[in-house]
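In this note's numbering, the protein residues as written are 57 to 822.
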């Protein structure tokens, strides 16, 4: 229960905290946020005035909910208390949808109602029979008991109420009032639920007006009349996607519609632009969500989702509802209202998966050990709603990492901002990356410049987060639509968390080149180059990316991405070594240069070097060329970079744009360096001749580098033709970066920026 305790503490600390910009998005107890599609305005007497579509920017609406409707509707009918979809709040729904089910006034008994309240329907039947002096029933199955009760709802008071639905509604209300201890309160009828609130001592003028209006059963008719809904053959139309991208199929809500109309999606009624298609690509107007405004002379606030007096009345009404008392495992309270159901919709509005669920009353989920589910674990209604509201709020913030059904979220229980453990160093540094020292100080000393910027940014967090601050990192995932699991959970102090983040970004820091990125607004392309650690998703892309999609882009399967991120989190948060197979896979991917686009190779190269450096941190690699490092693999990587540079320069002289011999043979070179180097060296001869004609001094510089590198490799190691480790990529990358920073001048290699500051000369010496 530690996770729910921390979330509960987070809710308590953040609610009403003015220093947290989005703290108002934390829902109060008994409330939820829904996206409304239509706004209906009525007067204080319940008469329709007008209605309009809700702009998507203003769609978020705070609505009162019951415990059952808050926890999801996947297991049954569960109307909200005031605002709801047309299938619930429109009494004329059946009239405009044919055979499609309406939940406006579902008053019949269900098996679940008795199960949830731990009641036996035969007890209710015998109480009714006893009053009418009829013979009591001794043995009836539960299903037969429920059929008997539903038949009673239909047959009782036939003469008084000729309309069957009105009769069923009235009879159910009578039974609930007469036998409150044995007749479960109906929780499936929107009208009956609203009626209970309206006739209670906690009623409100707006509730009375809305109840009066919906009782007229004309909601859909009014909306059609004002052109806010569209019909086909007198029934609400439904849109179904087709195989053609821009075409949709429009059908009637009636189940016997055999004449669908194919339309362009741009020509559809505006209401369909607000609706979200279900998993089958269907958009139904029954799902249109309605919110209410009640205009009256004695109220300044007409919006039900903003009226504080309405909020207070709903909280008062919730306190009058029946509840189960028990011990809360989180707060330790002995006699408190225990939650019978726990909220869903944590990751998005359509998420039906729950972290706590106990709807299996027939199997052996808890039977055999406990008499009831509440003996296994019980959490108070207030605690579970606050904790789940906090988790939903945290996931909805930009900092949470989301991939498919997987979510990783980190937070301080006080609500203070903390670094995102799933971000790369560029995202972590933010503005600090842009305000770094001038480029002159960075040349040849990239690692030190990065550490200075990183420490400056980290100091800002350390000033705000105390050493004893509670930090939580939590991972969620679901294998099925209804169940969610906590796949990763850590509690750390503020100092521990920042220390682990610092260790990850510094140990795995390397020069990264992520290609170009186009700005959505300006359409301007920007080259993404930075020093630091890659994000877990980038590592997964490098290791397991495949050619997917129409354009053949390198993408990684969602399940594989999620599994990789989950494997990397202990390395980031706990400081454990990165999985060796991930390091080796990234090295192999970077070595396969011919199988990658140029920008893909640059990105993979930086990520592979980053992982290899961090995995072997005891060797003390730095982000610059180490001319004194004599290891065989490192020196072979330098040789490859020099050969690549010689041929690349020769190709530029003749304006040729093609891959070099070194790039084409890179994979083979990593497997058999000695034998492959002979081929590469032999292929360099014509390119050296081409450079010699125009830039003799430059060629001398290249030859000097080759001689120096060869002299440092021991002959015994040089002739070995065994596979190179990822260290050769470090030597290759550093030597190549060294060429970017240096040029040949007056028989010496000098820094480009330093030379250019003295006098502007050409990059090459003839």
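Think of the CB as a built atom: it goes at the ideal place given N, C-alpha and C, for glycine as much as any other residue.
Quick caveat, the model's predicted, so the values are computed rather than measured.
Would you give the residue range spanned by the alpha helix (DSSP H) that residue 761 belongs to?
-> Within the chain shown, numbered from 1, the residue matching residue 761 stands at position 705. Per DSSP, residue 761 belongs to the alpha helix (DSSP H) from 752-768.
Note the first and the last residue of the continuous alpha helix (DSSP H) segment covering residue 143.
-> Your numbering for residue 143 matches position 87 in the chain shown. Per DSSP, residue 143 belongs to the alpha helix (DSSP H) from 142-145.
Going by CA-CA distance only, name the one from 387, 146, 226 that's closest to residue 57.
-> Position 1 of the chain shown holds residue 57. Closest in alpha carbon position to residue 57, among 387, 146, 226, is 387.
Neighbour-count burial assignment, residue 341, 16 or more Cβ in a 10 Å radius | Position 285 of the chain shown holds residue 341. When all chains shown are included, residue 341 counts as buried.
Give the DSSP-derived three-state secondary structure of residue 66 in the structure shown.
-> Position 10 of the chain shown holds residue 66. Three-state result, residue 66: helix.
Beta-carbon proximity check, residue 437 vs residue 468, cutoff 9 Å | Along the chain shown, one-based indexing puts residue 437 at 381. Along the chain shown, one-based indexing puts residue 468 at 412. No, they are not a contact pair.
Is the Cβ-Cβ distance between residue 168 and residue 132 less than 9 Å?
-> Locating residue 168 in the chain shown gives position 112, counting from the first residue. Locating residue 132 in the chain shown gives position 76, counting from the first residue. Yes, Cβ-Cβ distance for residue 168 and residue 132 is below 9 Å.
What are the start and end residues of each continuous beta strand (DSSP E) run of 3 or more residues lying completely inside the region 451-481, in chain order?
-> 457-459, 462-468
Expressed to the nearest angstrom, what Euclidean distance is found between the alpha-carbon atoms of residue 101 and residue 235?
-> Counting from one through the chain shown, the residue named residue 101 turns up at place 45. Counting from one through the chain shown, the residue named residue 235 turns up at place 179. About 33 Å.
Start and end of the beta strand (DSSP E) containing residue 132?
-> The sequence position of residue 132 within the chain shown is 76, counting from 1. Looking at the DSSP string, residue 132 is not in any beta strand (DSSP E), and its letter there is neither H nor E.
CA-to-CA distance, residue 446 to residue 136, given in whole angstroms = Sequence index remark: in the chain shown, residue 136 carries index 80 (1-based). Sequence index remark: in the chain shown, residue 446 carries index 390 (1-based). Using only the alpha carbons, I get a separation of about 21 Å.
For residue 600, the nearest candidate out of 707, 460, 615, 586 (CA to CA) | Working through the chain shown from its first residue, we reach residue 600 at position 544. Answer by Cα proximity: 615.
Assign residue 237 to one of three DSSP states: helix, strand, or coil.
-> What you label residue 237 is simply residue 181 of the chain shown in a count that begins at 1. Coil, per DSSP.
For residue 658, collect the residues of the same chain with a Cβ closer than 6 Å to its Cβ; drop the 5 residues on either side in sequence, then sort them by chain order.
-> If you number the chain shown from 1, residue 658 lands on position 602. Only 569 meet the Cβ criterion.
According to DSSP, is residue 693 helix, strand or coil?
-> Stepping through the chain shown from its first residue, residue 693 is reached at position 637. Here residue 693 sits in helix by DSSP.
Which of helix, strand or coil does DSSP assign to residue 722?
-> Position 666 of the chain shown, counting from 1, holds the residue named residue 722. DSSP places residue 722 in helix when its eight states are reduced to three.
Sequence-distant residues of its chain with Cβ nearer than 8 Å to residue 650 (five each side left out) = Position 594 of the chain shown, counted from the start, is the residue given in the question as residue 650. Only 715, 719, 720, 722, 723 meet the Cβ criterion.
Cβ distance (whole Å) where residue 185 is taken to contact residue 198 below 8 Å = On the chain shown, position 129 is the one that residue 185 refers to. On the chain shown, position 142 is the one that residue 198 refers to. Between residue 198 and residue 185 the Cβ distance is about 17 Å, and since that is not below 8 Å, they are no contact.
Could you check if residue 803 is buried or exposed, using at least 16 other CB atoms within 10 Å of its CB as the buried criterion?
-> For this step, residue 803 is matched to residue 747 along the chain shown. Counting Cβ neighbours within 10 Å, residue 803 comes out exposed, since fewer than 16 surround it.
Any idea if residue 220 is buried or exposed, counting beta-carbon neighbours within 10 angstroms, 16 or more meaning buried?
-> Counting from 1 along the chain shown, the entry for residue 220 is found at position 164. Under this definition residue 220 is an exposed residue.
Return yes when the Cβ of residue 93 is within less than 9 Å of the Cβ of residue 457, no when it is not.
-> The residue you call residue 457 lines up with position 401 of the chain shown. The residue you call residue 93 lines up with position 37 of the chain shown. No; because the gap between Cβ atoms is not below 9 Å, this pair is not in contact.
Considering residue 91, what are the terminal residues of the alpha helix (DSSP H) in which it resides?
-> By one-based count along the chain shown, residue 91 stands at place 35. Not the alpha helix (DSSP H): residue 91 falls in the beta strand (DSSP E), residues 87-91.
Is residue 527 near residue 514, with beta carbons less than 9 Å apart?
-> Position 471 of the chain shown, counting from 1, holds the residue named residue 527. Position 458 of the chain shown, counting from 1, holds the residue named residue 514. It is not a contact, given that the beta carbons lie outside the stated cut-off.
Name the two residues that bound the continuous alpha helix (DSSP H) containing residue 787.
-> Numbered from its first residue, the chain shown carries residue 787 at position 731. Per DSSP, residue 787 belongs to the alpha helix (DSSP H) from 783-797.
Where residue 730 falls: helix, strand or coil (DSSP) | As a position in the chain shown, residue 730 is number 674, starting the count at 1. Reduced to three states, the DSSP call for residue 730 is helix.
Are the region 534-549 and the region 634-651 touching by the rule of at least three beta carbon pairs closer than 8 Å?
-> no
Cα-Cα separation, residue 76 to residue 134 | By one-based count along the chain shown, residue 76 stands at place 20. By one-based count along the chain shown, residue 134 stands at place 78. Near 33 Å, if we compare the C-alpha coordinates of residue 134 and residue 76.
Tell me the DSSP bridge mates of residue 120?
-> Residue numbering aside, residue 120 sits at position 64 when the chain shown is read from its first letter. DSSP, once it has assigned bridges, lists 87 as partnering residue 120.
For residue 281 versus residue 146, is the C-beta spacing smaller than 9 Å?
-> Start at 1 with the first residue of the chain shown, and residue 281 comes out as number 225. Start at 1 with the first residue of the chain shown, and residue 146 comes out as number 90. No; because the gap between Cβ atoms is not below 9 Å, this pair is not in contact.
What residue does the beta strand (DSSP E) around residue 305 start on, and which one ends it?
-> Within the chain shown, numbered from 1, the residue matching residue 305 stands at position 249. Segment 303-308, the beta strand (DSSP E) holding residue 305.
Can you tell which of 332, 258, 287 has its C-alpha closest to the C-alpha of residue 372?
-> Counting from 1 along the chain shown, the entry for residue 372 is found at position 316. Taking only the C-alpha atoms, the option nearest residue 372 is 258.
In three-state DSSP terms, what is residue 99?
-> As a position in the chain shown, residue 99 is number 43, starting the count at 1. Three-state DSSP puts residue 99 in a strand.
Which whole-angstrom value describes the C-beta separation of residue 164 and residue 209, a residue pair presumed to lie in contact below a C-beta threshold of 8 Å?
-> Within the chain shown, the letter at position 108 stands for residue 164. Within the chain shown, the letter at position 153 stands for residue 209. Their Cβ separation, rounded to whole angstroms, is 6 Å, which keeps residue 164 and residue 209 in contact under 8 Å.
Is it right to say residue 824 is buried, meaning 16 or more other beta carbons lie within 10 angstroms of its own, or is it exposed?
-> As displayed, the chain neither begins before 57 nor continues past 822, which places residue 824 out of reach and without an answer.
For residue 491, count neighbouring C-beta atoms within 10 Å of its own C-beta (all shown protein chains included) and say buried if the count is 16 or more, exposed if not.
-> The sequence position of residue 491 within the chain shown is 435, counting from 1. Because the pLDDT of residue 491 is 39, which lies under 50, any placement of that residue in the model is unreliable, and the question is left without a value.
Neighbourhood of residue 844 by C-beta, 6 Å cutoff - its chain only, sequence neighbours within 5 removed = Because the chain spans 57 through 822 in this model, residue 844 falls outside it and cannot be assessed.
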